[in-house]
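What follows is a short report on a single structure.
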Amino acid sequence: MAQKKNAVIVGGGTSKFGVRQAHLLDMVQEAAKACADDIPGLKPTDIDGLIIATTMAGRHSSALNTAPLVVHRLGLRPTSICIRVDTLCAGSNSAIIIAKGLVESGIADVILVTGGEKVYMPQRWETNYTQLAVNDHDWDSAMGLGVPPPFFAMIAKMHMKRYGTTKEQMAHVSVTNYGYGEGHTNGHFAGRTLTMEQALEARLIADPFGLYDCCPLSDGASAVIVASEERAKAMSNRPLVYLRGTGQHATHSMSAGWPGETLAEWPHLNKAAQVAYKNAKLTPKDIDVAQTHDCFTISEIIELEELGFCKKGEGGAFVASGEIGINGTIPTNTDGGLLVYGHPFGASGARQAIEICKQLQGRAIHQVKDAAFGLTHNLSGTCAQHTVVVYGKEPVK
Amino acid sequence: MAELQKAEIVGTPALNGTYISEMDIWPLETQEFNRIYPFYDNLRAGKFTTTKCKKCGHIAYPPQVICPKCWSDELDWVELPQRAKVVTFTETQAGAPLGFDSPLIIAWLTFGDKSPLKHLLGRIVNCKEGELKDGDEVKFVTFSVPAHPIEVKKDTKVCERVFYAFERVK
Ligand SMILES: [Zn+2]
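So the sequence lines, in the order shown, correspond to chains H and P. Letter by letter, the first sequence follows residues 0 to 396 in my numbering. Letter by letter, the second sequence follows residues 27 to 196 in my numbering.
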């Protein structure tokens, strides 16, 4: 039996995120181009596998079988894998897990992992309406649960009630992430800044969330290359960034199956993280930089707790004390995260992977000094599933 | 002329007036389209029910075709408690999905330690904004939702539908 190979992320790029005058397939082409620009040694003919992550494609782009469309537009000729995956907001992070396994097993050598969404339609109502189909449609959606703010607002209220978390502490997340967003010209809110005063005085979206507590829905696409160590060396001289460990944990789809004692506890994220750390042979203390799923400010606070970066219930004080800043114990969402870079669901996991890749290669815009280990995390659905990927400059030995 | 042009914006003429189940916000409740249709029949009778496993006794929600604990397909229908308490809630004034009136009030409900159904996200109906409080008791209510057609050979069968929500116990 052939020896297990090491899988690495070589580089990647995103399209412009935002409300775009573009088709889904246009944005996937932009992301692929940005990925190739980031890896000068990459030739499209090197790519033997394609995974496209998208949720809205079937409805908004009338593209249920998306992978062949991407093959055609990118001029690819995949021979190892050619599939679409859908785990909503964790789409391309799930695709990275699949790509890791395929490369390590020798089934594939060079995989283009891409994700994208066309969210905005000719009439705005349609975007909110489609959200009813991404939850547990016949049960939770029939209760009116569509777009995420109402559900996460209840999570925030619960965390405030149980742990004393404040709106000011939540604003520390958005202000920090806007600082990190600076320089990321493809971000949805590129060029914008945010002060504590602006964050706290913003119009109410869903109590307790103001405008800046919520990430936008974005059109956009991202793309990365996952390859074997040998093939990566042939196309790039940069330091290798290894896919060390992954974990993905789902417990339910509908509210009746919620696994926590209350909405403020996310034991399913804790479990996914434990699995990923174990596979990566690391602990939370080893991680130098993290990209977590900051769909709302409260999400980042709870994620820092459940990922083991601070104690349960202390996430609010942790973010307010500057620990997620560039000189803090765990710089988090160093490219602006979902709050600033934006959130085209299937594209977000790969966008996070690009930032961790650059951090570990020492070429990030907001560089964490000597970053050697990084982590990405997505939640998906009504916080029903958690996906964690751990990266390092050395492979697991 | 401008009015004439506006009148011509029909979008997808082939679908005008057509029921599109892919865009339906309510479940396809009839026997032709699911195997848990007794749930909806029970709703019509004012009962809140689900399936209980004959083998291991597990009570699942939503109702199932097999038991999610032991995968037995021998299940019974049982009633669930109709009263719950509001743990926390959210009121949406703007941005409620098409088909739902504002304010759209959604609550995280707890049914108590003895209930097989511990918690649920439930819509609170017949309630004005600002009226609901944490800790309020709510009760199960049913209401009719739009019917849909099914083609039966050359005829059309009309499927009446029902759904449930919760309202404050005053
Ligand atoms: Zn059973």
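The C-beta atom is built at its ideal place from N, Cα and C for all residues, glycine as well. Keep in mind that this is a model prediction, so the values were computed, not measured.
Ordered along the chain, residues surrounding ligand 1 are P:79, P:81, P:82, P:84, P:93, P:95, P:96 and P:98 [Cβ under 5 Å from any heavy atom]. For residue 81 of chain H, the enclosing beta strand (DSSP E) begins and ends at 80–84. Inclusion of residue 30 of chain H and residue 220 of chain H in the CB contact set at 8 Å is warranted, their separation being smaller than that value. In this structure, residue 119 of chain H places its C-beta atom within 8 Å of the C-beta atom of residue 18 of chain H.
Taking C-beta atoms as the reference points, residue 114 of chain H and residue 52 of chain H count as a pair closer than 8 Å. Taking the Cβ atoms as the reference, residue 45 of chain H lies roughly 5 Å from residue 109 of chain H, within the contact range of under 8 Å. Not a single C-beta of chain H is nearer than 8 Å to the C-beta of residue 66 of chain P.
Residue 295 of chain H and residue 256 of chain H have their C-alpha atoms some 22 Å from each other. Beta-bridge pairing by DSSP links residue 377 of chain H to H:386. A Cβ of chain H is located within less than 8 Å of the beta carbon of residue 149 of chain P. With the rule of 3 Cβ pairs closer than 8 Å, the region 185–203 of chain H counts as touching the region 163–175 of chain H. Between residue 377 of chain H and residue 292 of chain H, the beta carbon gap of about 5 Å places them in contact (Cβ cut-off 8 Å). Rounded to the nearest angstrom, the Cβ distance from residue 222 of chain H to residue 12 of chain H is 6 Å, consistent with a contact under 8 Å. As a beta-bridge residue in DSSP terms, residue 247 of chain H pairs with H:386.
Chain P places no beta carbon closer than 8 Å to that of residue 383 of chain H, leaving this residue out of the contacts.
By the beta-carbon neighbour count (other beta carbons within 10 angstroms, threshold 16), residue 94 of chain P is exposed.
Beta bridge pairing from DSSP links residue 110 of chain P with P:164.
If only complete runs of 4 or more residues are kept, the region 267–338 of chain H shows the alpha helix (DSSP H) at 296–305 and 314–319, in order along the chain. DSSP places residue 67 of chain H in the helix class (H, G or I) of the three-state scheme. Shown here, residue 76 of chain P sits in a strand according to DSSP, grouped into three states. Rounded to the nearest angstrom, the Cβ distance from residue 301 of chain H to residue 158 of chain H is 6 Å, consistent with a contact under 8 Å. The Cβ-Cβ distance between residue 372 of chain H and residue 116 of chain H does not fall below 8 Å. Leaving aside the five residues that flank residue 183 of chain H on each side, the residues in its chain whose CB is nearer than 8 Å to its CB run, in chain order, 189, 334, 335, 339, 340 and 364. With contacts defined by Cβ atoms closer than 8 Å, residue 358 of chain H and residue 346 of chain H do not form a contacting pair.
If you keep only unbroken alpha helix (DSSP H) runs of at least 4 residues inside the region 15–63 of chain H, you get 23–37 and 56–59. Here residue 83 of chain H is buried, its C-beta having at least 16 other C-beta atoms within 10 Å. When DSSP states are grouped into helix, strand and coil, residue 189 of chain H belongs to the coil group. Near chain H, meaning a CB-to-CB distance below 7 Å, the residues of the region 40–69 of chain P are 51, 52 and 53. In the DSSP assignment, the residues bridged to residue 148 of chain P are P:133. Interface flag for residue 156 of chain H against chain P is set, since a Cβ pair is found closer than 8 Å.
Residues of the region 136–147 of chain H with a Cβ closer than 8 Å to any Cβ of chain P, in chain order: 136, 137, 138, 139, 140, 141, 142, 143, 144, 145 and 146. Under DSSP, residue 241 of chain H takes part in a beta bridge, and its partners are H:7 and H:391. When Cβ pairs closer than 8 Å are counted between the two stretches, the region 137–153 of chain H is seen to touch the region 121–133 of chain P, the count reaching three or more.
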